[in-house]
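One structure is given here, and the rest of the page talks about it.
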Amino acid sequence: KFEWHIPEFFNIADAVCDRWASDEGRIAITHEALDGSTSSYTFAEIKRHANQLANLFGHLGLRQGDRALVMLTQSPECAISHIGCFKSGVVSCLASVLFGPDGVKHRLQSSGAKICITDAANVKKILDVKEHCPDLEHILVVADNPIDDTLLFWPSLAQQSADYQNVTTRAGDTAWISYTSGTTGNPKGVLMPHRLLLGNKPLFEYYYDYGPKPHDVLWSPADWAWIAGLINILLIGWYSGCHVVSVEMQGFDAKAAYRILGQHSVTVSLLTPTVLKLMRQIDADAVGDIQLRVVLSGGEAVGKELALWADERFGLTISEGFGQTECNG
């Protein structure tokens, strides 16, 4: 007897950020940098920074429906970029920092992105292809020092007002564009509407054992440049007002994964079978008190042997899911 109730007007930023911002102390994200240092942002802070970004878009001449390519690792800046896009009606386009210049150029050209948000480690890829992307007008960079032909992310935000009235978006308006893996030809852009979050939420209540629950802490090594990381962890977690952990990693490290799960008291994680196999290889060396109550896995079959190991290691039964870019879970 289940049925969805999708309102005519719906904006993801309202649902995952703004409605929690009145609680000034509610932590939205804790970020662990490469050097191990950590920083936390409340929902109120995320809202203020996303408002500044939305105002910056307007200052730069971007309008509702324009496209912004977001090429960042798991980070507060990545989350702020997407929320700022949702607020302003600018369509965010997902791109992994692992892409080379050709992959970046294809996404810039096919989306017609007017702005790209990236970091100092990847900005050269953008600058190298900029002349082939006539729609690209601005490059916003998360960096400490000025870079020619770009704008610095945090100083640019600091010049903008932290007050912003979210645009009115219909539930069917495009929120972001994910790209398929390109089974045939180049990757195809898939238009993801704001209502996608509402469509996915009931499924994840089952995947996450009737959660996410208010006390849950979510983390996954899955990159937020893919729909699994963006929806399954960040947006689903924030829709429930939960604490999300982001970690800057240079490749997957099984020992680090155990440490992250324990150190940050993670209760909900998305761990692919490949990741679980690597963790199983060093299980005897794993340390720390793991508080996981849910592990979602997918991308390939988990298999009986791996499932039984996870049952014993984590004291839970893996929630196995499947899906695709076009229709997630």
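Plus 206 on top of the position in the sequence shown (first one is 1) and you've got this note's numbering.
Backbone N, C-alpha and C define an ideal beta-carbon position, used for all residues, glycine too.
I'd like to know whether the C-beta atoms of A349 and L342 end up nearer to each other than 8 Å. Mapped onto the sequence shown, residue 349 falls at position 143. Mapped onto the sequence shown, residue 342 falls at position 136. The answer is no: Cβ separation not under 8 Å.
Between G535, A250, I466 and A319, which lies nearest to A219 when the distance is taken from Cα to Cα? As a working mapping, residue 219 is identified with position 13 in the sequence shown. Of the listed residues, the one whose Cα sits closest to A219 is A250.
Where does L514 land, buried or exposed, given buried means 16+ other C-beta within 10 angstroms? Counted from its first residue, the sequence shown places residue 514 at position 308. It counts as exposed.
Here's the rule I'm using: 16 or more other beta-carbon atoms within 10 Å means buried, otherwise exposed. How should G457 be labelled? Taking the first residue of the sequence shown as position 1, residue 457 is located at position 251. It is exposed - the Cβ of G457 has fewer than 16 other Cβ atoms within 10 Å.
Should S294 be flagged as near chain D, meaning a C-beta pair shorter than 8 Å? Judged by its chain identifiers, the structure shown contains no chain D, having just a single protein chain.
Pick helix, strand or coil for D429, following the three-state DSSP scheme. Here residue 429 corresponds to residue number 223 of the sequence shown, with the count starting at 1. Of the three classes helix, strand and coil, the one that applies to D429 here is coil, per DSSP.
Return the CA-CA distance between K293 and E526, expressed in angstroms with no decimal places. Working through the sequence shown from its first residue, we reach residue 293 at position 87. Working through the sequence shown from its first residue, we reach residue 526 at position 320. Roughly 33 Å between the two C-alpha positions.
Go ahead and pull the three-state DSSP assignment for Y247. Taking the first residue of the sequence shown as 1, we reach residue 247 at position 41. Of the three classes helix, strand and coil, the one that applies to Y247 here is strand, per DSSP.
Just to confirm the assignment: which complete alpha helix (DSSP H) runs, minimum length 4, are found wholly within the segment 497–534? 510–520
Express the C-alpha separation of S302 and W360 in angstroms, rounding to a whole number. Stepping through the sequence shown from its first residue, residue 360 is reached at position 154. Stepping through the sequence shown from its first residue, residue 302 is reached at position 96. Cα-Cα distance, rounded: 21 Å.
From this set, V474, N392 and Q371, which residue's C-alpha is nearest H421's C-alpha? One-based indexing of the sequence shown puts residue 421 at position 215. The candidate whose alpha carbon is nearest that of H421 is V474.
Who are the near neighbours of I437 in its chain, counting only those whose CB is closer than 7 Å to its CB and skipping five residues on each side? By one-based count along the sequence shown, residue 437 stands at place 231. Answer for I437: N406 and N534, listed in chain order.
Which residue comes first and which comes last in the alpha helix (DSSP H) that contains G309? For the purposes of this step, residue 309 is taken as residue 103 along the sequence shown, with counting starting at 1. Start and end: P307 to S317.
Could you tell me the distance, in whole angstroms, from the CA atom of D229 to the CA atom of Y247? Along the sequence shown, one-based indexing puts residue 229 at 23. Along the sequence shown, one-based indexing puts residue 247 at 41. Going by the C-alpha atoms only, they are around 12 Å apart.
Out of S281, L363, T389 and L402, point me to the one whose CA is closest to T380's CA. By 1-based counting over the sequence shown, the position of residue 380 is 174. For T380, the nearest C-alpha among the options comes from L402.
Could you check whether L275 and C299 sit closer than 8 Å to each other, using their CB atoms as the reference points? Indexing the sequence shown from 1 puts residue 299 at position 93. Indexing the sequence shown from 1 puts residue 275 at position 69. Cβ distance < 8 Å, so C299 and L275 count as in contact.
For V472 and E337, what's the separation of their Cα atoms in angstroms? One-based indexing of the sequence shown puts residue 472 at position 266. One-based indexing of the sequence shown puts residue 337 at position 131. Taking the straight line from one Cα to the other gives about 44 Å.
How many whole angstroms separate the CB atoms of I439 and A431, which I take to be in contact at a CB cut-off of 8 Å? Here residue 439 is taken as the residue at index 233 of the sequence shown, counted from 1. Here residue 431 is taken as the residue at index 225 of the sequence shown, counted from 1. So it is not a contact: roughly 12 Å between Cβ atoms.
Look at the alpha carbon of Q270 and the alpha carbon of C322, and state the distance between them as a whole number of angstroms. For the purposes of this step, residue 270 is identified with residue 64 of the sequence shown, where counting begins at 1. For the purposes of this step, residue 322 is identified with residue 116 of the sequence shown, where counting begins at 1. Between Q270 and C322, the C-alpha separation is close to 16 Å.
Flag this pair as yes or no: are the beta carbons of G505 and T478 separated by less than 8 Å? For the purposes of this step, residue 505 is taken as residue 299 along the sequence shown, with counting starting at 1. For the purposes of this step, residue 478 is taken as residue 272 along the sequence shown, with counting starting at 1. Yes, the Cβ-Cβ distance between G505 and T478 is below 8 Å.
Neighbourhood of I286 by C-beta, 7 Å cutoff - its chain only, sequence neighbours within 5 removed: Residue 286 sits at position 80 when you count from the first residue of the sequence shown. So the list reads I252, H255, A256 and L259, once near-sequence residues are dropped.
For A380, name the three-state secondary structure that DSSP assigns. For this step, residue 380 is matched to residue 174 along the sequence shown. Checking the displayed sequence, the identity of residue 380 turns out to be Thr instead of Ala. T380: strand per DSSP, three-state reduction.
Below 8 Å on the Cβ atoms is my contact criterion, and I expect L314 with V335 to pass it. Report the Cβ-Cβ distance as a whole number of Å. Taking the first residue of the sequence shown as 1, we reach residue 314 at position 108. Taking the first residue of the sequence shown as 1, we reach residue 335 at position 129. Correct: roughly 7 Å between the Cβ atoms.
Tell me, please, which residues DSSP counts as bridged to E153. The displayed coordinates of the chain run from 207 to 535. Any statement about residue 153 would go beyond what the structure contains.
Suppose you measure from the CA of G378 to the CA of G290; what does that come to, to the nearest Å? Here residue 378 corresponds to residue number 172 of the sequence shown, with the count starting at 1. Here residue 290 corresponds to residue number 84 of the sequence shown, with the count starting at 1. About 18 Å.
Is it buried or exposed, R376, if we count other Cβ atoms within 10 angstroms and call 16 or more buried? Here the question's residue 376 lines up with position 170 in the sequence shown. Label assigned to R376: exposed.
Residues near F215 by beta carbon distance below 8 Å, same chain, minus five either side: Within the sequence shown, numbered from 1, the residue matching residue 215 stands at position 9. Contacts found: T374, T375, R376 and A377.
Own chain residues within Cβ distance below 7 Å of P399, not counting five before or after: Here residue 399 is taken as the residue at index 193 of the sequence shown, counted from 1. Same-chain partners within the cutoff: A377, G378, D379, T380 and A381.
With a 10 Å radius around its C-beta and 16 neighbouring C-beta atoms as the bar for buried, classify F528 as buried or exposed. Within the sequence shown, the letter at position 322 stands for residue 528. The residue in question, F528, is exposed, as its Cβ has fewer than 16 Cβ neighbours within 10 Å.
Opposite R273 in the DSSP bridges: which residues? Counting from 1 along the sequence shown, the entry for residue 273 is found at position 67. According to DSSP, which records beta bridges pairwise, R273 is partnered with V297.
Three-pair Cβ contact test at 8 Å for the segment 488–503 versus the segment 451–469: yes
Mind checking which residues open and close the alpha helix (DSSP H) that includes L440? Here residue 440 is taken as the residue at index 234 of the sequence shown, counted from 1. Where L440 is concerned, there is no enclosing alpha helix (DSSP H), given that its DSSP letter is neither H nor E.
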